[in-house]
Amino acid sequence: MATCCMTSGVALSARFAGKKVVARRSVPAATVRRGATVTAAAAAPATAARKFNFSAGPAMLPLDVLEECKEDMINYKGTGMSVMEMSHRGKDFMKIASEAEADLRELVGIPDNYKVLFLQGGASSQFAAIPMNLAPKGGVADFITTGAWGVKAIAEAKKYMDVNEAATSKASNFSTIPDASEWKLTPGAKFVHICSNETIGGVEFKDIPDTGDVPLVADMSSNYLSKPIDVKRFGLIYGGVQKNIGPAGMAIIIVREDLIGETNPVCPTMFDYKLMADNESMYNTPPCWTMYTSGLVFKKLLKMGGLEAVEKANQAKAKMLYDTIDGSDGYYVSPVDPKYRSLMNVPFTLGGGADLEKKFLKEADALGLESLKGHRSVGGARASIYNAMPVEGVQALVDFMTEFKASN
Ligand code: PMP
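Take the sequence shown: its letter number 385 is residue 435 in the working numbering, and every next letter is one higher.
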């Protein structure tokens, strides 16, 4: 694979110029200058080879956060060691952990009657932990299935309780969200589960459904912290961090405290939310490095102006991409119901068929537009444009799409 200098506008333009594309903007050299702790000169060699990574996750991290990690890597703030090496019970790490939680609480506006858990095992572990904690004696949970991750969640829950698929958009190949008026909810259900953003299909809830007294549970793995969250409308929110927040290795769970305390007798100790909450997510060794890095991201998002500002930036980026698709006269096709198009994951196909798609992906890859291939289960292309994808990355992609259309 050809490497591409994405931090130099000149080099990017030159590469695009060879393909008759001129990138309209130079790319994140400015980000290097903004880096608080290193000089541009020191950062240049490593950052010069960075690509725009459109992967669904793990995904791009903010360059200034990576720079700060680099600065702290060998000797964290004069402690004489890396965060990766220090005791999780020592005062330095305890400070990192408590600041991370406090900053997340401030960023999201998490009410005091909600616990925040930083747990290993990713979002997939929560597919099991949620029924074991929220339905300790079994019962029924309702699931709204709008994509592949919802299918996985329901399959796992079924091992621990009864499940009711209250609505599914399978008939449309998961390209929409069934209208709430059609949901066949169970009176007295233990919870209602949704996936707020289906990463593979690119389908995103735009409103929080009203489930009355039944706790609403949402898998926010792929749109966590991409926009404001009205936490009190949910019983439990969960998601892996490796898309919008930090390096892989952790899920963040926000759970109303009255919902936890008892578990299914088969619940592993490590999945017991109450135990983890009572031990501030440190019953055992926590994912220290991921907590630290995620904490830097929380601080960055607060500095950016919070989740309203983050949402605005995400809306602008997504609009650039959807406008390019919609304005292409069918050259590029979005399979998703326009009402529910995700701001984070933008799947699209090429009307011209599979061979053209292959050529598109190959040329994009050669330009340093990384991991645009659609999920293996659906094919086509998919651009994941999480919080840390700079607007310049989306601009480079839409420039390439326009040029590719003109010459193919
Ligand atoms: N839910 C969604 C919506 C996801 O996108 C993913 C990961 N792609 C998962 C759950 C599973 O996450 P993890 O790999 O952290 O278990």
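For glycine and all other residues, C-beta sits at the position ideal for the given N, C-alpha and C. All of these numbers come straight from a predicted model, not from anything done at the bench.
Under the 10 Å beta carbon count, Thr340 is surrounded by 16 or more other beta carbons and is classified as buried. Taken in chain order, the whole beta strand (DSSP E) runs of length 3 or more contained in the region 124–173 are 164–169. Assignment of beta-bridge partners to Leu419 by DSSP yields Phe102.
Taking 8 Å as the upper bound for CB-CB distance, Pro265 and Leu325 are not in contact here, some 20 Å apart.
Bounds of any alpha helix (DSSP H) do not take in Val396; it lies within the beta strand (DSSP E) bounded by 395–400.
Using a Cβ-Cβ distance cut-off of 8 Å, the region 351–360 and the region 266–285 are in contact, since at least three pairs of beta carbons, one from each stretch, lie closer than that value. Separation of Gln170 and Ser225 (C-alpha to C-alpha, rounded to the nearest whole angstrom) is 31 Å. If you check the CB distance, Pro228 and Ile180 do not come in under 8 Å. Using a cutoff of 7 Å, the CB of Asp322 does not count as near ligand 1, since none of the ligand's heavy atoms is closer than that.
Judged by their CB atoms, Gly252 and Ser392 are nearer to each other than the 8 Å cut-off.
Judged by their CB atoms, Ile304 and Val267 are not nearer to each other than the 8 Å cut-off. When the five nearest sequence neighbours on each side are left out, the beta carbons in the same chain lying within less than 8 Å of the beta carbon of Ser246 are those of Glu254, Phe255, Ala268, Asp269, Met270, Asn273, in order along the chain. Judged by their CB atoms, Val448 and Leu371 are nearer to each other than the 8 Å cut-off. Counting only runs that start and end inside the region 314–393, there is no beta strand (DSSP E) element of at least 3 residues. Trp199 has its CB nearer than 7 Å to a heavy atom of ligand 1. In the structure shown, Leu266 adopts extended strand secondary structure according to DSSP, grouped into three states. According to the DSSP secondary-structure assignment, Asp192 is paired through a beta bridge with Asn214, Val242. Annotation for Gly200: no beta strand (DSSP E) segment contains it, though the alpha helix (DSSP H) segment containing it runs 198–207. Exclusion of the five residues before and after Glu206 leaves Phe177, Ala178 as the residues of its chain whose Cβ lies within less than 6 Å of its Cβ.
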